[in-house]
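> Below is the structure I would like to discuss, written out as structure tokens.
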Amino acid sequence: MASSLSLPLLIVMIISVWSLHTVQCEELDVGGDNGWATPSKNTQLFYNDWAAKNRFKVNDTLRFAYKKDSVMVVREEEYEKCRSSHPMFFSNNGDTVFELDQPGLFYFISGVATHCQRGLKMIVKVLEPESPSKTAAAPSKKSAATAAVVLGGPEFIPLALSSLVGVIFM
Ligand SMILES: *[C@@H]1O[C@H](CO)[C@@H](O)[C@H](O)[C@H]1NC(C)=O
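Here the sequence shown is numbered in the numbering used here, starting from 68 and rising by one per residue.
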């Protein structure tokens, strides 16, 4: 009985570790099934609506699927104007994967100005990463460890080390 249970259990464990891993860093298909395509007249805000329904984290990737078009990352003014002579990023291979490598705002537009004017543009807000050092407990432990190292003699080192270990494994 025990041996017949262990294989399914192992599979479940592998799947949960795998899904835990993928949750950290997601790939999102921009526009869902529509891909990256000029919206029709009454859905001009389609891409910003799509972006508003999603949460973007640092290191998530966006996949743009399109035909005879392009993707540019530009500054805010260029996003408003729907044109850029020096985009920060440009791709027109039809299947563009872009990594959101920092928190903050990303402005995407189509490289075809008329498509952008008809709504093929999107602002993505990437959230600040949550790090353990931002929690309330960690900084005080860290400064305690630092203080012990700075102020103390050898008798403080075990205390300092254990505090550091606590910080690292938080
Ligand atoms: C993002 O990826 C880089 C390099 O792969 C890594 O150093 C960094 O810690 C990652 N950031 C987050 C918030 O996962």
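Idealized CB from N, CA, C, for every residue including glycine. Just so you know, these numbers come straight off a predicted model, no measurement behind them.
Please report the residue range of the beta strand (DSSP E) in which tyrosine 174 lies.
Its beta strand (DSSP E) spans residues 171-176.
> What span of residues does the beta strand (DSSP E) with aspartate 127 cover, start to end?
Premise fails: aspartate 127 is in no beta strand (DSSP E) and is neither H nor E.
> Who are valine 193's beta bridge partners in DSSP?
Per DSSP, Phe123, Gly171.
> Kindly list the residues whose CB is nearer than 8 Å to the CB of aspartate 168, restricted to its own chain and excluding five residues on each side of it in sequence; keep chain order.
Result list for aspartate 168: Val125, Asn126, in chain order.
> Where leucine 45 and lysine 108 are concerned, what is the direct C-alpha to C-alpha distance, given to the nearest angstrom?
Outside the shown range of the chain (68 to 237) lies residue 45, about which nothing can therefore be said.
> Just to confirm before moving on: does the CB-CB distance between phenylalanine 157 and methionine 139 stay below 8 Å?
Yes.
> Find the nearest neighbour of alanine 104 within the set Cys92, Val191, Glu197, Leu187, judged by alpha-carbon distance.
That would be Leu187, whose Cα lies nearest to the Cα of alanine 104.
> Nearest to methionine 155 by CA position, among Asp162, Gly161, Tyr146, is which residue?
The shortest Cα separation from methionine 155 among Asp162, Gly161, Tyr146 belongs to Tyr146.
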